[in-house]
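**Student:**
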Ligand SMILES: Cc1cc2nc3c(=O)[nH]c(=O)nc-3n(C[C@H](O)[C@H](O)[C@H](O)COP(=O)(O)OP(=O)(O)OC[C@H]3O[C@@H](n4cnc5c(N)ncnc54)[C@H](O)[C@@H]3O)c2cc1C
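Numbering (the numbering used here), first residue to last: 50 to 348.
#1: What would DSSP say about residue 61, mapped onto helix, strand or coil?
#2: Could you check where the alpha helix (DSSP H) with residue 163 kicks off and where it finishes?
#3: Could you tell me whether any non-hydrogen atom of ligand 1 is closer than 8 Å to the CB of residue 82?
#4: In terms of DSSP beta bridges, what is residue 319 paired with?
#5: Under 8 Å: does the beta carbon of residue 142 sit that close to some heavy atom of ligand 1?
#6: May I ask you to report which of helix, strand or coil DSSP gives residue 120?
#7: Spatial neighbours of residue 306 within its chain, please: CB distance less than 7 Å, with the 5 preceding and 5 following residues excluded, ordered by chain position.
#8: Below 9 Å between beta carbons: does that hold for residue 111 and residue 179?
#9: My understanding is that residue 298 touches residue 330, with C-beta atoms under 8 Å, so please give their C-beta distance in whole angstroms.
#10: So is residue 270 buried or exposed if we call it buried at 16+ other beta carbons inside 10 Å?
#11: Quick check on residue 115: does DSSP put it in helix, strand or coil?
#12: At the level of alpha carbons, what is the spacing between residue 150 and residue 245?
#13: At 3 residues or longer, and completely inside the region 77-149: list those beta strand (DSSP E) runs for me, N to C.
#14: Cα separation between residue 66 and residue 251?
#15: So is residue 225 buried or exposed if we call it buried at 16+ other beta carbons inside 10 Å?
#16: For residue 200, report the span of its alpha helix (DSSP H) as first-last.
#17: Quick one: residues in its chain with C-beta nearer than 6 Å to the C-beta of residue 52, no 5 flanking neighbours on either side, listed in chain order?
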């Protein structure tokens, strides 16, 4: 049963941060409440004060500016799945959002809550890692940008300070000649393995100019796998395609998978390998079909 708590309703980020600073560990931000209220109902945690941030304006905007897509932390999964801007500029992200949880959770659960809770079996962090996103955290005294590589510290743990509010996410618009894919696998309520891949192609479309590989859900926090990226970068598309299986094997081993209810370490490592090979194929196809749209032909 849910124990009594007091609801604070600030209208600005500054006010929110001041409340969090004043009440310390007895207060927590409350956005969609899909994680927080569940854990409180089950008696796993209790806070005397919940600070409802849903009344703060503009935190649910999605806009593009200076080569980056800016996503307000209060944007719900449902809103992001249906965002026209994301569907046009970053379809893999909209698609990933469409497959988060179930309609009830997507309707109220926010991207900011998802990232801040740092539940290991989550999707957005992994894709954002592959995309090189930066998170914006604000408090009463200022604002800072956090590269996503530094945001997740461990399971249920981020680098956010107690009085900081995650206000937005900046995602660099992927290069014109690129493919972005997020694949996940699982049979429980939450995903068991997630993999994000960004492949950037050179101008003639025949080789891989850059690759970013991120694996999530298998361990405490999403992880970028540079050893796997190195096997793909600078290679012709054909050679990189042949190396994708090996890159997947390396990604699996480097992912720090742990055995749990979702499967054994070896099983998860194998799934990572399979997903990377598939993601490589899909990212290449994405790029090739975009090339046809541009009137070119790409290998
Ligand atoms: C049944 C179920 C299935 C799910 N399946 C998936 C899935 O398939 N994939 C997936 O990725 N996720 C999944 N989730 C997780 C879901 O995405 C999150 O529950 C949701 O996004 C959390 O957002 P919220 O706004 O409800 O957060 P809340 O519950 O309101 O908050 C969660 C935590 O984040 C903190 N917080 C919230 N917003 C901020 C902020 N802006 N700044 C700082 N701290 C903040 C809160 O203090 C709290 O500690 C699932 C959840 C459920 C219940």
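No residue lacks a Cβ here, since even glycine has one placed at the ideal position from N, Cα and C. Model, not experiment: these values are computed from the prediction.
**Tutor:** Based on what the coordinates show:
#1: For residue 61, the secondary structure class from DSSP, reduced to helix, strand or coil, is coil.
#2: Note, residue 163: alpha helix (DSSP H), 160-166.
#3: Yes.
#4: In the DSSP assignment, residue 319 is bridged to no other residue.
#5: No, the beta carbon of residue 142 sits no closer than 8 Å to any heavy atom of ligand 1.
#6: Strand at residue 120.
#7: Result list for residue 306: 267, 268, 314, 317 and 318, in chain order.
#8: Not closer than 9 Å, so no.
#9: The distance from the Cβ of residue 298 to that of residue 330 is about 16 Å, inconsistent with a contact at the 8 Å cut-off.
#10: With 16 or more other Cβ atoms within 10 Å, it is buried.
#11: Residue 115 falls in the coil class under three-state DSSP.
#12: Residue 150 and residue 245: Cα-Cα distance of roughly 18 Å.
#13: If we require 3 residues or more, the beta strand (DSSP E) runs fully inside the region 77-149 come out as 98-101, 111-114 and 117-121.
#14: Near 45 Å, if we compare the C-alpha coordinates of residue 251 and residue 66.
#15: So residue 225 counts as exposed.
#16: Boundaries of the alpha helix (DSSP H) around residue 200: 197-200.
#17: Result list for residue 52: 95, in chain order.
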